[in-house]
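J.: Numbering (our numbering), first residue to last: 107 to 245.
In this text, a Cβ means the ideal position worked out from N, Cα and C, and glycines have one as well.
Here it is: the structure, laid out below.
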């Protein structure tokens, strides 16, 4: 559950900053309270769908390949953004222009969140390893 919350936090922060910049450049809608809430709902939807997808593919299909799971997570993110952002919230229409703007954003957000998550987990792994080293050196 902590991983989902962390993912939501990272993706929402990155998405909000990108949308703020694009809004200032008049490429995307300017941020307002409604849009910020909708972006949050999208980030929650993405994180939940990714969590469910990974759980299903690992437990039922016994797929544990990081490459396959990463591709599935990107597909999940894209699906949620297009369904919630495009169809439900009407943030964009389904035109070539929208696709040209949205897909690079999705790629940047996805890999930036992936990178931040990697750094966060690496830091935690180092802390755990240091604790284990200290315990083992006391024996």
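For residue 199, count neighbouring Cβ atoms within 10 angstroms of its own Cβ and tell me buried if that reaches 16, exposed if not.
T.: Taking every protein chain shown into account, the CB of residue 199 has fewer than 16 other CB atoms within 10 angstroms, so this residue is exposed.
J.: If you run the structure through DSSP and keep just helix, strand and coil, what is residue 210?
T.: helix
J.: For residue 200, name the three-state secondary structure that DSSP assigns.
T.: coil
J.: With H, G and I counted as helix, E and B as strand and the rest as coil, what does DSSP make of residue 304?
T.: Any property of residue 304 remains undetermined from this structure, which presents the chain solely from 107 to 245.
J.: Go ahead and label residue 117 buried or exposed: buried means 16 or more other beta carbons lie within 10 angstroms of its beta carbon, across all protein chains shown.
T.: buried
J.: Indicate whether residue 187 and residue 162 have their beta-carbon atoms separated by less than 8 Å.
T.: no
J.: So, at 7 Å on beta carbons, what are the nonlocal neighbours of residue 121 in its own chain, with the 5 sequence-adjacent residues on each side left out?
T.: 145, 149, 215
J.: Could you tell me the alpha carbon to alpha carbon distance between residue 232 and residue 222, rounded to whole angstroms?
T.: 15 Å
J.: In three-state terms, what does DSSP make of residue 195?
T.: coil
J.: Measure the Cβ-Cβ separation of residue 110 and residue 143 and say whether it is below 8 Å.
T.: Contact: no.
J.: Taking C-alpha atoms, which residue in 135, 108, 129 lies nearest to residue 192?
T.: Looking from the CA of residue 192, the closest CA among 135, 108, 129 belongs to 135.
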